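S.K.: After the C-alpha cells below, expect a handful of questions from me.
Protein chains: 2
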Amino acid sequence: MPEKTDPPLLLVLGGDPDGPGDVPAPDLRRIAGRALVRYADETSLAGLLPAADALLVWNFTSDAPARAWSGPGRRPGWVHTASAGVDRLLSCPEIAASDTVVTNARGIFDQPIAEYTAGLVLALAKDFHGSWELQRQHRWRHRETMRVSGSRAIVVGSGPIGRAIGRTLLALGVGVELVGRRERTGDPEFGTVHAADSLHGLLPGADWVVCAAPLTPQTTGMFDARAFSRMRPGARFVNVGRGAHVVQEDLVRALLSRHLGGAALDVFADEPLPADSPLWDVPGLLVSPHMSGDTTGWRADLARQFCDNFDRWAAGEPLLNVVDKRLGYVSDRSTP
Amino acid sequence: MPEKTDPPLLLVLGGDPDGPGDVPAPDLRRIAGRALVRYADETSLAGLLPAADALLVWNFTSDAPARAWSGPGRRPGWVHTASAGVDRLLSCPEIAASDTVVTNARGIFDQPIAEYTAGLVLALAKDFHGSWELQRQHRWRHRETMRVSGSRAIVVGSGPIGRAIGRTLLALGVGVELVGRRERTGDPEFGTVHAADSLHGLLPGADWVVCAAPLTPQTTGMFDARAFSRMRPGARFVNVGRGAHVVQEDLVRALLSRHLGGAALDVFADEPLPADSPLWDVPGLLVSPHMSGDTTGWRADLARQFCDNFDRWAAGEPLLNVVDKRLGYVSDRSTP
Numbered sequence: 064m065p066e067k068t069d070p071p072l073l074l075v076l077g078g079d080p081d082g083p084g085d086v087p088a089p090d091l092r093r094i095a096g097r098a099l100v101r102y103a104d105e106t107s108l109a110g111l112l113p114a115a116d117a118l119l120v121w122n123f124t125s126d127a128p129a130r131a132w133s134g135p136g137r138r139p140g141w142v143h144t145a146s147a148g149v150d151r152l153l154s155c156p157e158i159a160a161s162d163t164v165v166t167n168a169r170g171i172f173d174q175p176i177a178e179y180t181a182g183l184v185l186a187l188a189k190d191f192h193g194s195w196e197l198q199r200q201h202r203w204r205h206r207e208t209m210r211v212s213g214s215r216a217i218v219v220g221s222g223p224i225g226r227a228i229g230r231t232l233l234a235l236g237v238g239v240e241l242v243g244r245r246e247r248t249g250d251p252e253f254g255t256v257h258a259a260d261s262l263h264g265l266l267p268g269a270d271w272v273v274c275a276a277p278l279t280p281q282t283t284g285m286f287d288a289r290a291f292s293r294m295r296p297g298a299r300f301v302n303v304g305r306g307a308h309v310v311q312e313d314l315v316r317a318l319l320s321r322h323l324g325g326a327a328l329d330v331f332a333d334e335p336l337p338a339d340s341p342l343w344d345v346p347g348l349l350v351s352p353h354m355s356g357d358t359t360g361w362r363a364d365l366a367r368q369f370c371d372n373f374d375r376w377a378a379g380e381p382l383l384n385v386v387d388k389r390l391g392y393v394s395d396r397s398t399p
Numbered sequence: 064m065p066e067k068t069d070p071p072l073l074l075v076l077g078g079d080p081d082g083p084g085d086v087p088a089p090d091l092r093r094i095a096g097r098a099l100v101r102y103a104d105e106t107s108l109a110g111l112l113p114a115a116d117a118l119l120v121w122n123f124t125s126d127a128p129a130r131a132w133s134g135p136g137r138r139p140g141w142v143h144t145a146s147a148g149v150d151r152l153l154s155c156p157e158i159a160a161s162d163t164v165v166t167n168a169r170g171i172f173d174q175p176i177a178e179y180t181a182g183l184v185l186a187l188a189k190d191f192h193g194s195w196e197l198q199r200q201h202r203w204r205h206r207e208t209m210r211v212s213g214s215r216a217i218v219v220g221s222g223p224i225g226r227a228i229g230r231t232l233l234a235l236g237v238g239v240e241l242v243g244r245r246e247r248t249g250d251p252e253f254g255t256v257h258a259a260d261s262l263h264g265l266l267p268g269a270d271w272v273v274c275a276a277p278l279t280p281q282t283t284g285m286f287d288a289r290a291f292s293r294m295r296p297g298a299r300f301v302n303v304g305r306g307a308h309v310v311q312e313d314l315v316r317a318l319l320s321r322h323l324g325g326a327a328l329d330v331f332a333d334e335p336l337p338a339d340s341p342l343w344d345v346p347g348l349l350v351s352p353h354m355s356g357d358t359t360g361w362r363a364d365l366a367r368q369f370c371d372n373f374d375r376w377a378a379g380e381p382l383l384n385v386v387d388k389r390l391g392y393v394s395d396r397s398t399p
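Heads up: the sequence lines are chains A and B, in that order.
Adding 63 to a residue's 1-based position in the first sequence gives its number in the working numbering.
Adding 63 to a residue's 1-based position in the second sequence gives its number in the working numbering.
Below, the structure is given as C-alpha cells:
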C-alpha cells in the first residue's frame, strides 16, 4: 500500500462549492486542516481517484465511482457514501472484491422514511388523493374510508429503516410482520422476524406490503407478478427501497386489473422518472421523487455523520457503519 | 308525563328503508318487537314528534329536530344523535332547556378521526399534495420536507376525540399540548391540560394546531385573525371539529399572506361546501368532505351503539353518553 500523504487526500464526488452546483456542498469545516479536500465530478473522478486516500460519495446518485473504479492506479482504502443503499457502489465487482472499506449513512434516514411511509399508508387508507382530485373539481363527495388500526402490514427489510417503519405502524395500531434475510425469533419489538423465503406465505394476510430492503441480487425483482398475485385483493404496496426491487410492469398490471387497491412508489428503476414514463398516469399509483428520507437538515446530518467517521479513520479507530460487502448492507454484527 | 305506549314508539329521522334513501337504513334488528319503529324525514318529523317516546337522529346532518322541537304537542324523553357533535340539536333553545335526555355517539369516531388527523399532519409535512400535483404534470422535483418527530402540536378539544388525536401524534414523536375548557393538571398522558383562555399564549410554540373541540358558544369562531396571527410563521392548521370554529375569511387571509404554511379543513360552515365556494381553490388549503371519522362499518357501529343505549333505556337503566346540555358535550362526570 502506498504511503499516505500528510494530511491525507479526501476526494469528494459532487458538491464542489466552486463547481456547477450539482448538489449542495457538504459542510466539512470540522475536518479543515486535517485533510486535503479535493472535489471531483463525474468526468474528473477517474483521473483523481489514484491520488485519493478516502472517497466521500456525496452525490450518491452518481454511477461514476462504479465506472471509475476499474481504471488504472491505486484505490482509496475507504469509501463513504452519503446514502443508506450501497447498491450503486457494489454494482461494481471490483469495488465489491477490493480491500476498500465501504461505509454508509445508516441511521440518518430511519425516522424520516418511517414517517413518510406511515403518511403514505394513512393517505392511501383515507383516500387523500381522491379527496384532492375532487377538490380540484370542486366536488363534495363523502366516502367511507379504511380504518388503519387493526389492519396488517408486512415490512420487507429488517434493518434500521424497516424497523423504524414497523415501529411507527405498530404505534398506529397496525399488526406488523417484519421480513429479513434470515429468520430470527424473539425480537423484542416484532417477535419473529421472518425469512425472505417465507414472504409468499405471508403475503395473503396483509393489507399493506412495504418494501424497505437493501437492493441485493437476492432482492432484485422480488416484487413480481407472482408476489402481487399472492397479495390480498385490495391490498396496497409501498416501495421506499429501490426501484429494482419491483418488476414495474407487473405492478402496473396488478393495479390496472384492480387486484391491488393502490400503490405508492418513491423509487424507480430509472431516476429521475422520465416525463414520458407511463407510470405517472397509472390509476391508483402515487409517484414521488425519491425523497422519503430527505427532511430539512438531512445534508447537514449526512456531513456530520461523515465527519464523525473521518475522526475515527484519522485516529485509526474502527469505522461506524461498515458495509458487509458480501451481504450488501451494514449487518448488525459489523456495527460496534 | 303522558303514559308510554307499549311497546314504545321510536321515531327515526332519516334512513327509512322504504324511503328515498337519504342515508342508509340503521340496522335495528336487535330491538325488533321491543319498539314500534317509525321513520320520519325532514318534512314529516314535526307531525310525528308528539307521538314519539324516543327519537333517533340517524341523519345527523339535518336541522329538522331543532326546527320541529318548538312545535305543539309532547316531546320525546330521549333523543340520541348518531354523531359526536350535538351543536345542531342544542342550537334549539327549547331542546337545550327541556327535560329530554340527549345522548350522542361518543367513542365511535375517536380512533378514525385520530388516524385521519395524523394522516393530514404527515401529508402536510411531507408535501404529498405537492407531489401529486407534480405527478399530474409528469414532473420529477425533489424537495426536502419536514420531520414530524420533534415537532409540536396543540390539540384543542380534550374529549375522547382530542385525546385520541393527541395520543396518535405522541406516538409519532410529536410534542402535544391538549387544550380543554378548564385547566387540569396531572393528566396521565398529557400532563397539564390547558384552559381555553391560555390558548393564545400557547399558539406561538406550535408547528401544528388541531381543532377537535365541541362547538359551543364559547368555541364558535375561536380560530380568527387574532388566533392565526399568534401562530408561528409556516405553522399549519387542521380542523376536524366544526366549520363554525373557524372564521373562514381569516383563515383564507392567513394562507394567502403565507403566514400559515398550510391548512386542512374537513368541516365547513356550509356543508356540503358549495361548488362555487372560493375555499376549493385557496393555495395550501386541503378540503375534504366531512369524512374524517367515517371508516368502513361506521354506520353499523353507530346502530349498535344506539341499540346498546336502547337496551338501557328500555330497562330503565342510566343511559351512556348523556350530554351535559349546559356544556354542550358529554362531560366525563356524566359518564358511568
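Where is the CB? At the ideal position from N, CA and C, for every residue including glycine.
Predicted model only: the values in this text are computed from it and were never measured.
What is the C-beta distance between residue 283(B) and residue 307(B), in whole angstroms, given that I count them as a contact (C-beta under 8 Å)?
M.R.: Position 220 of the second sequence holds residue 283(B). Position 244 of the second sequence holds residue 307(B). That pair is a contact at about 5 Å.
S.K.: So, for residue 276(B): in the same chain, excluding its five sequence neighbours on each side, which residues have a beta-carbon less than 6 Å away from its beta-carbon?
M.R.: Stepping through the second sequence from its first residue, residue 276(B) is reached at position 213. Beyond the five residues adjoining it in sequence on each side, residue 276(B) comes within less than 6 Å, by CB distance, of 219, 220, 282, 304 in the same chain, given in chain order.
S.K.: How far does the alpha helix (DSSP H) with residue 150(A) in it extend, from its first residue to its last?
M.R.: Position 87 of the first sequence, counted from the start, is the residue given in the question as residue 150(A). 150 to 153 is the span of the alpha helix (DSSP H), which, as asked, contains residue 150(A).
S.K.: Does the distance from the CB of residue 271(B) to the CB of residue 299(B) come in under 8 Å?
M.R.: In the second sequence, residue 271(B) corresponds to position 208, counting from 1. In the second sequence, residue 299(B) corresponds to position 236, counting from 1. The Cβ-Cβ distance between residue 271(B) and residue 299(B) falls below 8 Å.
S.K.: Applying the criterion that 16 or more other CB atoms from any shown protein chain within 10 Å of the CB defines a buried residue, is residue 319(B) buried or exposed?
M.R.: Looking up residue 319(B) in the second sequence gives position 256. Its Cβ having fewer than 16 others within 10 Å, residue 319(B) is exposed.
S.K.: Please report the distance separating the alpha-carbon of residue 146(B) from that of residue 123(B).
M.R.: Walking along the second sequence from the start, residue 146(B) turns up at place 83. Walking along the second sequence from the start, residue 123(B) turns up at place 60. Rounded to the nearest angstrom, the two C-alpha atoms are 6 Å apart.
S.K.: In the DSSP assignment, find the unbroken alpha helix (DSSP H) run with residue 181(A) in it and report its ends.
M.R.: For the purposes of this step, residue 181(A) is taken as the residue at position 118 of the first sequence. Start and end: 173 to 188.
S.K.: For residue 339(B) and residue 311(B), I'd like the C-alpha separation in whole angstroms.
M.R.: Walking along the second sequence from the start, residue 339(B) turns up at place 276. Walking along the second sequence from the start, residue 311(B) turns up at place 248. Cα to Cα, residue 339(B) sits roughly 15 Å from residue 311(B).
S.K.: Which residues of chain B have a Cβ atom closer than 7 Å to the Cβ of residue 182(A), listed in chain order?
M.R.: Taking the first residue of the first sequence as 1, we reach residue 182(A) at position 119. In chain order: 182, 185, 186, 189, 191.
S.K.: Quick one: residues in its chain with C-beta nearer than 8 Å to the C-beta of residue 111(A), no 5 flanking neighbours on either side, listed in chain order?
M.R.: The sequence position of residue 111(A) within the first sequence is 48, counting from 1. Cβ neighbours of residue 111(A) beyond the five flanking positions: 74, 101, 103.
S.K.: According to the Cβ coordinates, are residue 76(A) and residue 128(A) closer than 8 Å?
M.R.: The sequence position of residue 76(A) within the first sequence is 13, counting from 1. The sequence position of residue 128(A) within the first sequence is 65, counting from 1. Yes. Within cutoff.
S.K.: Assuming contact is defined by CB atoms lying nearer than 8 Å, are residue 210(A) and residue 359(B) in contact in what I supplied?
M.R.: Your numbering for residue 210(A) matches position 147 in the first sequence. Your numbering for residue 359(B) matches position 296 in the second sequence. Closer than 8 Å, so yes.
S.K.: What are the partner residues of residue 166(A), as DSSP defines its beta bridges?
M.R.: Against the first sequence, residue 166(A) aligns to sequence position 103. Answer is 143(A), 385(A), bridged to residue 166(A).
S.K.: Residues of the segment 225 to 240 of chain B in Cβ contact with chain A at a cutoff of 8 Å, in chain order, please.
M.R.: 231, 234, 235, 236
S.K.: Start and end of the alpha helix (DSSP H) containing residue 328(B)?
M.R.: Here residue 328(B) refers to the residue found at position 265 of the second sequence. Where residue 328(B) is concerned, there is no enclosing alpha helix (DSSP H), although the beta strand (DSSP E) it sits in stretches over 325 to 328.
S.K.: In whole angstroms, give me the CA-to-CA distance for residue 302(A) and residue 109(A).
M.R.: Taking the first residue of the first sequence as position 1, residue 302(A) is located at position 239. Taking the first residue of the first sequence as position 1, residue 109(A) is located at position 46. The straight-line gap from Cα to Cα measures roughly 33 Å.
S.K.: Of the residues that make up the segment 309 to 339 of chain B, which ones have a beta carbon closer than 8 Å to any beta carbon in chain A?
M.R.: 334, 335, 336, 338, 339
S.K.: Should residue 89(B) be flagged as near chain A, meaning a C-beta pair shorter than 8 Å?
M.R.: Looking up residue 89(B) in the second sequence gives position 26. Chain A contact via Cβ: absent.
S.K.: Confirm, please, whether the CB-CB distance from residue 157(B) to residue 125(B) is below 8 Å.
M.R.: Here residue 125(B) corresponds to residue number 62 of the second sequence, with the count starting at 1. Here residue 157(B) corresponds to residue number 94 of the second sequence, with the count starting at 1. Not in contact: residue 125(B) and residue 157(B) (Cβ atoms no closer than 8 Å).
S.K.: Would you check if there are 3 or more beta carbon pairs closer than 8 Å linking the segment 165 to 176 of chain A to the segment 134 to 145 of chain A?
M.R.: yes
S.K.: For residue 5(B), which residues in chain A fall below 8 Å Cβ to Cβ?
M.R.: It is not possible to answer for residue 5(B), since the shown part of chain B is limited to 64 through 399.
S.K.: Go to residue 344(B), then tell me how far its alpha helix (DSSP H) extends in each direction, as first and last residue.
M.R.: Residue 344(B) sits at position 281 when you count from the first residue of the second sequence. That residue, residue 344(B), is in no alpha helix (DSSP H); it is neither H nor E in DSSP.
S.K.: Below 8 Å on C-beta distance, what does residue 157(A) contact in chain B?
M.R.: Position 94 of the first sequence, counting from 1, holds the residue named residue 157(A). Near residue 157(A) there are no residues of chain B at all, since even the closest Cβ is about 30 Å away, more than 8 Å.
S.K.: At 3 residues or longer, and completely inside the segment 109 to 137 of chain A: list those beta strand (DSSP E) runs for me, N to C.
M.R.: 117 to 120
S.K.: Given a limit of 9 Å on CB to CB distance, which residues of the segment 347 to 381 of chain B reach chain A?
M.R.: Residues 348, 349, 350, 351, 352, 353, 354, 355, 357, 358, 359, 360, 361, 362.
S.K.: With three or more beta-carbon pairs closer than 8 Å as the criterion, would you say the segment 236 to 248 of chain A touches the segment 257 to 272 of chain A?
M.R.: yes
S.K.: Using only CA atoms, which one of 118(A), 178(A), 222(A), 313(A) lies nearest to residue 208(B)?
M.R.: As a working note, residue 208(B) is residue 145 in the second sequence. With distances taken between Cα atoms, residue 208(B) lies closest to 178(A).
S.K.: Taking DSSP as the reference, what is the three-state secondary structure of residue 303(B)?
M.R.: Residue 303(B) sits at position 240 when you count from the first residue of the second sequence. If DSSP states are grouped into helix, strand and coil, residue 303(B) belongs with coil.
S.K.: Assign residue 193(A) to one of three DSSP states: helix, strand, or coil.
M.R.: For the purposes of this step, residue 193(A) is taken as residue 130 along the first sequence, with counting starting at 1. Residue 193(A): helix per DSSP, three-state reduction.
S.K.: Determine, for residue 207(B), whether the minimum Cβ-Cβ distance to residues of chain A falls below 8 Å.
M.R.: What you label residue 207(B) is simply residue 144 of the second sequence in a count that begins at 1. Residue 207(B) counts as touching chain A.
S.K.: Kindly confirm or deny that the segment 77 to 97 of chain B and the segment 374 to 388 of chain A touch, where touching means at least three C-beta pairs closer than 8 Å.
M.R.: no
S.K.: Can you tell me where the beta strand (DSSP E) with residue 254(A) in it begins and where it stops?
M.R.: Numbered from its first residue, the first sequence carries residue 254(A) at position 191. Run containing residue 254(A): 254 to 258, per the beta strand (DSSP E) assignment.
S.K.: Return the CA-CA distance between residue 326(B) and residue 381(B), expressed in angstroms with no decimal places.
M.R.: Taking the first residue of the second sequence as 1, we reach residue 326(B) at position 263. Taking the first residue of the second sequence as 1, we reach residue 381(B) at position 318. One C-alpha to the other measures close to 41 Å.
S.K.: Taking Cβ positions only, does residue 195(B) come closer than 8 Å to chain A?
M.R.: For the purposes of this step, residue 195(B) is taken as residue 132 along the second sequence, with counting starting at 1. Yes, residue 195(B) counts as interfacial toward chain A.
S.K.: Alpha carbons only, please: which of 113(B), 367(B), 186(B) is nearest the one belonging to residue 135(B)?
M.R.: Locating residue 135(B) in the second sequence gives position 72, where the first residue counts as 1. It is 113(B) whose Cα lies nearest to the Cα of residue 135(B).
S.K.: If you reduce the DSSP assignment to three classes, tell me which class residue 64(B) lands in.
M.R.: As a working note, residue 64(B) is residue 1 in the second sequence. At residue 64(B), the pLDDT of 45 sits below 50, so the modelled position is not reliable; the number obtained from the coordinates is stated separately. It is coil, neither helix nor strand.
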